[in-house]
Amino acid sequence: MHNHHQDHDHDHDHHHHHDNRYSDMQARVRSLETVLTEKGLIDPAAIDAIVETYETKVGPRNGARVVAKAWSDPGFSDWLKQDATAAIASLGFTGRQGEHMRAVFNTPETHNLVVCTLCSCYPWAVLGLPPVWYKAPAYRSRAVIDPRSVLAEFDVTLPEDTKIRVWDSTAELRYLVVPMRPSGTEGLDEEKLADLVTRDSMIGTGLALAPENAR
Amino acid sequence: MNGPHDLGGQMGFGPVAPEPDEPYFHANWEKRALGITLSCGAFGAWMIDESRHARENVPPGDYLKASYYEIWIRALETLLERHGFATAQEIEAGHKLQEPPRPKRVLTAEMVPGVLARGGPCDRPVATAPRFAAGDRVRTRNFNPETHTRLPRYARGKSGVVEAVQGSFVFADDNAHGRGENPQWVYTVVFDAGEIWGEGADPSLTVSIDAWDSYLERV
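Residue numbers (the numbering used here), protein chains in the order written: chain W, -15 to 199; chain H, 263 to 481.
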């Protein structure tokens, strides 16, 4: 039996031996920041502001609000299908790695999954910074050839006759998956609906939560 | 280039192993790496395409072992040296040894909200009408340039169907090498898994790429 977490730790221990210059990333990056600050090229306070933005303001809660609105408001849902960038901007979510958005809707017939096989393209404006697995070789290599095995590792099993559409983000379009609305959610308002929309459900590696599993 | 970054369809990397409740950063240096990379991007000396190509040029053995923030930092050092903003010697020493060129812009904390909210749109008008329409059958070209391309190896020389005309965008393959933005139409092209992977392909699977016009031939 494989123990995933053990494998991960094992990899981690080893990857520091391959190049001495990068054996201590903390020191390497501190050195880089010092050099660039001394040269007047960067402002450490700007770095703090960037980090704060992605730790507190720009994250998957943004995307969850988009999805909850699409579930609740057919007019918004149509707009999201036709012009996702504008529809998403109307909720205040714009900017870096969200300049050219497309929303793709899961249906009972088709499940959508997003990957960037060539790098780490991800819709930051609605989902924030990507998780480590999204940027790592295991996901990027296998999502396009064997997505069902990938989904199984996220505990998602789709019916055999469900079609799977994988979107490889090879250009500057960024994709947001709109998961199917769970049953038993008819009475919920957008705020409660947003609690059911996980980050992974908007990448396609998860499904929206049933109301009893809301976080 | 046929670099280590072009991962679609490769095997042997083990399970995806998602981390429950993963934090945004796993070490403090990752926070600084994010901020430094974005701050240096604000210089206006290079665009995303050149950054991506610098990342692809991290040697394969290192690329596949490194965390993504490490890849960013390795590539950033290449870009800083190439454009004269910092030398390897300075980064080794951890101190300024010479005056840098003046960048177009130095990102300050006050500028951060505006810069992040604007992002960097890369759609550009083109004078010609799109060559293909939704529903057209196309074949991707087969080429193996040593330079930057966004046509993954698994999707070269394959037949598919144009699903949507997505607009016209800066052509990454040129812009990465300072040959200008040369915008082209971009199309979403869908392939049956059988066309890409052949025998044993998942019959329920289709895969799409976003392809610049010059990647495609009519069939």
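Glycine included, C-beta positions come from ideal geometry on N, C-alpha and C. Since this is a predicted model, take the numbers as computed values, not measurements.
Considering Cα atoms alone, identify which of H:N319, H:D385, H:V424 is closest to R480 (chain H).
The shortest Cα separation from R480 (chain H) among H:N319, H:D385, H:V424 belongs to H:V424.
What does a CB cutoff of less than 6 Å around L369 (chain H) pick up in its chain, not counting 5 residues either side in sequence?
The answer, listed in chain order, is S301, A304.
Indicate the three-state DSSP secondary structure (helix, strand or coil) for H(-11) (chain W) in the structure shown.
Residue placement at H(-11) (chain W) is flagged as unreliable, the pLDDT there being 43, under the threshold of 50; the coordinate-derived value follows with that caveat. Three-state result, H(-11) (chain W): helix.
Taking Cβ positions, are R149 (chain W) and N96 (chain W) nearer each other than 8 Å?
Yes. Within cutoff.
In chain W, what lies closer than 7 Å to N264 (chain H) by C-beta?
Those within 7 Å of N264 (chain H) in chain W number zero; the least Cβ separation is about 12 Å.
Just reading off the alpha helix (DSSP H) that L135 (chain W) is part of, what are its end residues?
L135 (chain W) -> alpha helix (DSSP H) spans 131 to 137.
To which residues of the same chain is A193 (chain W) closer than 6 Å at the C-beta, ignoring the five residues directly before and after it?
The sequence shown places Leu at residue 193 (chain W), rather than the Ala named in the question. If we look at L193 (chain W) and ignore the five residues flanking it on each side, its Cβ neighbours are L180.
Go ahead and label D475 (chain H) buried or exposed: buried means 16 or more other beta carbons lie within 10 angstroms of its beta carbon, across all protein chains shown.
Buried: at least 16 other Cβ atoms inside 10 Å.
In the DSSP output, which residue or residues are listed as bridge partners for M85 (chain W)?
Answer is W:R158, bridged to M85 (chain W).
Contact defined as beta carbons within less than 8 Å: I believe Y286 (chain H) pairs with E39 (chain W). What is the distance between those atoms, to the nearest angstrom?
Between E39 (chain W) and Y286 (chain H) the Cβ distance is about 6 Å, and since that is below 8 Å, they are a contact.
Please decide whether V50 (chain W) counts as near chain H, where near means a Cβ-Cβ distance under 8 Å.
By this cut-off, V50 (chain W) is not an interface position.
Measuring only between beta-carbons, confirm whether V110 (chain W) sits less than 8 Å from chain H.
No, V110 (chain W) lies away from the interface with chain H (no Cβ there is under 8 Å from its Cβ).
Assuming R45 (chain W) and Y159 (chain W) form a contact by the criterion Cβ under 8 Å, report the distance between their Cβ atoms to the nearest whole angstrom.
No, R45 (chain W) and Y159 (chain W) are not in contact; Cβ-Cβ is about 18 Å, not under 8 Å.
Might you give, ordered along the chain, the residues of its own chain that have their beta carbon closer than 7 Å to the beta carbon of E292 (chain H), omitting 5 neighbours on each side?
For E292 (chain H), where only same-chain residues beyond five positions count, the Cβ hits under 7 Å are Y331.
Could you tell me which chain W residues have their CB closer than 7 Å to the CB of L300 (chain H), listed as they occur along the chain?
Ordered by position in chain W, the residues that pass the 7 Å Cβ test against L300 (chain H) are I34.
Measuring straight from C-alpha to C-alpha, what distance separates E144 (chain W) and G271 (chain H)?
Roughly 21 Å separates the two Cα atoms.
Mark F405 (chain H) as exposed unless 16 or more other C-beta atoms lie within 10 angstroms of its C-beta, in which case mark it buried.
By the 10 Å Cβ count, F405 (chain H) comes out exposed.
Can you pull the chain H neighbours of Y6 (chain W), defined as C-beta to C-beta under 9 Å?
Chain H residues near Y6 (chain W): D324, A328, E332, I335, R336.
So is G419 (chain H) buried or exposed if we call it buried at 16+ other beta carbons inside 10 Å?
So G419 (chain H) ends up on the exposed side.
Measuring CA to CA, which of W:S133, W:V35, W:P28, W:L191 is closest to G112 (chain W)?
Of the candidates W:S133, W:V35, W:P28, W:L191, the one whose C-alpha sits nearest the C-alpha of G112 (chain W) is W:V35.
Just the chain W side, please: which residues come within less than 7 Å of A395 (chain H) by C-beta, in chain order?
None at all; the shortest Cβ gap to chain W is about 18 Å.
Residues of chain H with CB under 8 Å from K147 (chain W), in chain order?
Per Cβ cutoff of 8 Å: S466, L467, T468.
Give the residues of chain H in contact with M9 (chain W), contact being defined as C-beta atoms less than 9 Å apart.
A289, W291, E292, A295, S329, Y331, E332, I335, listed in chain order.
Quick test of your reading: M263 (chain H) and P383 (chain H), contact by CB under 8 Å. State the CB separation rounded to the nearest angstrom.
No, M263 (chain H) and P383 (chain H) are not in contact; Cβ-Cβ is about 26 Å, not under 8 Å.
Just to confirm, are T94 (chain W) and K147 (chain W) a CB contact at a threshold of 8 Å?
In contact: T94 (chain W) and K147 (chain W) (Cβ atoms closer than 8 Å).
At which residues does the alpha helix (DSSP H) containing D464 (chain H) begin and terminate?
Per DSSP, D464 (chain H) belongs to no alpha helix (DSSP H) and is neither H nor E.
Going along chain W, which residues have a C-beta under 8 Å from V388 (chain H)?
What V388 (chain H) touches in chain W: nothing, since even the nearest Cβ is about 14 Å away.
I believe L75 (chain W) touches F347 (chain H) by the beta-carbon criterion, under 8 Å. Please report the beta-carbon distance rounded to the nearest angstrom.
Contact flag wrong, Cβ pair sits at about 37 Å.
Apply the 10 Å Cβ neighbour rule to G297 (chain H) and answer buried if 16 or more other Cβ atoms are within range, or exposed otherwise.
Buried, by the Cβ-count rule.
Which stretch, first to last residue, makes up the alpha helix (DSSP H) that contains D146 (chain W)?
In the sequence under discussion, the amino acid at residue 146 (chain W) is Thr, which differs from the Asp named in the question. Note, T146 (chain W): premise wrong, no alpha helix (DSSP H); not H, not E.
Under 8 Å, Cβ to Cβ, is there at least one residue of chain H near E170 (chain W)?
Chain H contact via Cβ: absent.
Are the beta-carbon atoms belonging to V451 (chain H) and V400 (chain H) less than 8 Å from one another?
Against a cut-off of 8 Å, the Cβ pair of V400 (chain H) and V451 (chain H) comes out as a contact.
So, does the CB of W117 (chain W) fall closer than 8 Å to a CB anywhere in chain H?
Yes, W117 (chain W) lies at the interface with chain H (some Cβ there is under 8 Å from its Cβ).
What residues are listed by DSSP as bridge partners for L478 (chain H)?
Paired residue(s): H:T402.
Just mark E211 (chain W) as buried or exposed, buried being the case when its beta carbon has 16 or more other beta carbons within 10 Å.
Residue 211 (chain W) lies beyond the residue range present for chain W, which begins at -15 and ends at 199; the question has no answer from this structure.
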